[in-house]
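>
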């Protein structure tokens, strides 16, 4: 219960921070306690929902809308531009470039020892960790779990909101691109990066490749989440 209280307080601080910097909607928590979190309904639906029984994707917008890419690029640019000073003032996690690989290596060891991991995936992850050129020499504020289920958009694909901010902190910006490539594919990712860079988004020459590796690391992150939550069904699924 104490952990839940702290998590709610943290997410409220995140929401107060991001709404000052974003041109899209975020939840405006009017009530926040361990019993209830309530906020006015946001304008649009998530880009997709999962059918609770079949787990099939239900799209709530035109999946091929060019508006989606340009407006998502703008939203990413606004998120990643939130100043470190304000993040620090809100007592949120700050990862330096030198912190990134040691943390992943520790997580890999933990998931391997507690759940197990395939040899093929472990080999890929270790190659990724050893490949110096993929890693940026900077970190930025990120959403941390940005995929189409947490992005709200109009029917014609214009991004209008972002929800579920509990994992926001300063880290590798490629993390926020990874959820896109998983659903929309590699060509769409290339377009997103181009649009992001046009707006002034800070990139490096291996952002595309690093994003692919971040997406490939989703089983590792799923395993870590299962261990952190101690959810038996997730642990079995991992």
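Numbering (the working numbering), first residue to last: 121 to 358.
Every residue gets a Cβ at the ideal spot worked out from N, C-alpha and C, and that includes glycine.
None of the values given here were measured: they were computed from a predicted structure.
Between the Cα of residue 330 and those of 214, 293, 155, spot the shortest distance and give me the residue it belongs to.
As a working note, residue 330 is residue 210 in the chain shown. When each option's Cα is compared against that of residue 330, the closest is 293.
> Could you tell me which of 336, 176, 267 sits nearest to residue 193, measuring between CA atoms?
Residue mapping note: residue 193 aligns to position 73 of the chain shown, counting from 1. Comparing Cα positions, the closest option is 267.
> Using CA atoms only, rank isn't needed, just tell me which of 271, 322, 316 is closest to residue 169.
Counting from 1 along the chain shown, the entry for residue 169 is found at position 49. Of 271, 322, 316, the residue nearest in Cα terms is 271.
> In this structure, does DSSP put residue 270 in helix, strand or coil?
Counting from 1 along the chain shown, the entry for residue 270 is found at position 150. In this structure, residue 270 counts as helix in the three-state DSSP scheme.
> Could you check where the alpha helix (DSSP H) with residue 96 kicks off and where it finishes?
Past the edges of the chain, shown from 121 to 358, lies residue 96, and the structure says nothing about it.
> Taking 8 Å as the cut-off, does the region 310-317 touch the region 193-202 (at least 3 CB pairs, one atom from each stretch)?
These segments touch.
> With C-beta atoms as the reference, is residue 167 less than 8 Å away from residue 273?
Start at 1 with the first residue of the chain shown, and residue 167 comes out as number 47. Start at 1 with the first residue of the chain shown, and residue 273 comes out as number 153. Cβ atoms of residue 167 and residue 273: closer than 8 Å.
> Determine whether the beta carbon atoms of residue 347 and residue 230 lie at a separation below 8 Å.
Within the chain shown, residue 347 is the residue found at index 227, counting from 1. Within the chain shown, residue 230 is the residue found at index 110, counting from 1. Taking 8 Å as the Cβ cut-off, residue 347 and residue 230 qualify as a contacting pair.
> Beta-carbon separation of residue 245 and residue 337 under 8 Å?
Working through the chain shown from its first residue, we reach residue 245 at position 125. Working through the chain shown from its first residue, we reach residue 337 at position 217. Yes; because the gap between Cβ atoms is below 8 Å, this pair is in contact.
> My guess is that residue 187 and residue 281 are in contact by the Cβ rule of under 8 Å, so how many angstroms apart are they, rounded?
What you label residue 187 is simply residue 67 of the chain shown in a count that begins at 1. What you label residue 281 is simply residue 161 of the chain shown in a count that begins at 1. With 8 Å as the limit, residue 187 and residue 281 do not qualify as a contact, their Cβ atoms being about 15 Å apart.
> Assuming residue 240 is part of the beta strand (DSSP E), what are its boundary residues?
Counting from one through the chain shown, the residue named residue 240 turns up at place 120. In this chain, residue 240 is not harboured by any beta strand (DSSP E); it is covered by the alpha helix (DSSP H) spanning 239-250.
> Just the C-alpha distance for residue 165 and residue 275, rounded to the nearest angstrom, thanks.
Here residue 165 is taken as the residue at index 45 of the chain shown, counted from 1. Here residue 275 is taken as the residue at index 155 of the chain shown, counted from 1. A direct Cα-to-Cα measurement between residue 165 and residue 275 gives close to 9 Å.
> Can residue 199 and residue 284 be called in contact, C-beta distance under 8 Å?
Along the chain shown, read from residue 1 onward, the residue named residue 199 stands at position 79. Along the chain shown, read from residue 1 onward, the residue named residue 284 stands at position 164. Result no, Cβ atoms of residue 199 and residue 284 do not sit closer than 8 Å.
> Which residue's Cα is closest to the Cα of residue 341: 256, 257, 224?
In the chain shown, the residue the question calls residue 341 occupies position 221. Of the candidates 256, 257, 224, the residue whose Cα lies closest to the Cα of residue 341 is 224.
> Check the C-beta distance from residue 261 over to residue 288 and give it rounded, since I have them as a contact under 8 Å.
Walking along the chain shown from the start, residue 261 turns up at place 141. Walking along the chain shown from the start, residue 288 turns up at place 168. Contact annotation, residue 261 with residue 288: C-beta distance approximately 7 Å; criterion of less than 8 Å satisfied.
> Which two residues bound the contiguous alpha helix (DSSP H) that contains residue 350?
Position 230 of the chain shown, counted from the start, is the residue given in the question as residue 350. According to the DSSP assignment, residue 350 belongs to no alpha helix (DSSP H), since it is labelled neither H nor E.
> Would you mind reading off the limits of the alpha helix (DSSP H) that contains residue 185?
Locating residue 185 in the chain shown gives position 65, counting from the first residue. Per DSSP, residue 185 belongs to no alpha helix (DSSP H) and is neither H nor E.
> Reducing DSSP to helix, strand and coil, say where residue 361 ends up.
The structure shown does not extend to residue 361, since the chain is modelled only from 121 through 358, so no value can be given for it.
> Would you call residue 236 buried or exposed, if buried means 16 or more other Cβ atoms sit within 10 Å of its Cβ?
Working through the chain shown from its first residue, we reach residue 236 at position 116. Answer is exposed; the Cβ neighbour count stays below 16.
> Starting from the C-beta of residue 182, find all residues in its chain whose C-beta is less than 6 Å away, skip the five residues before and the five after it, and write them out in chain order.
Translated into positions along the chain shown, residue 182 becomes position 62. Counting only Cβ-Cβ distances below 6 Å, and skipping sequence neighbours, we find 277.
> List the residues that DSSP assigns as beta-bridge partners of residue 169.
Locating residue 169 in the chain shown gives position 49, counting from the first residue. BP columns for residue 169 point to 178.
> What first and last residue would you give for the alpha helix (DSSP H) that runs through residue 264?
Here residue 264 refers to the residue found at position 144 when the chain shown is read from its first residue. From DSSP, residue 264 is part of no alpha helix (DSSP H); its letter is neither H nor E.
> Rounding to the nearest angstrom, what Cα-Cα distance links residue 185 and residue 269 in this structure?
Against the chain shown, residue 185 aligns to sequence position 65. Against the chain shown, residue 269 aligns to sequence position 149. So the alpha carbons of these two residues sit roughly 16 Å apart.
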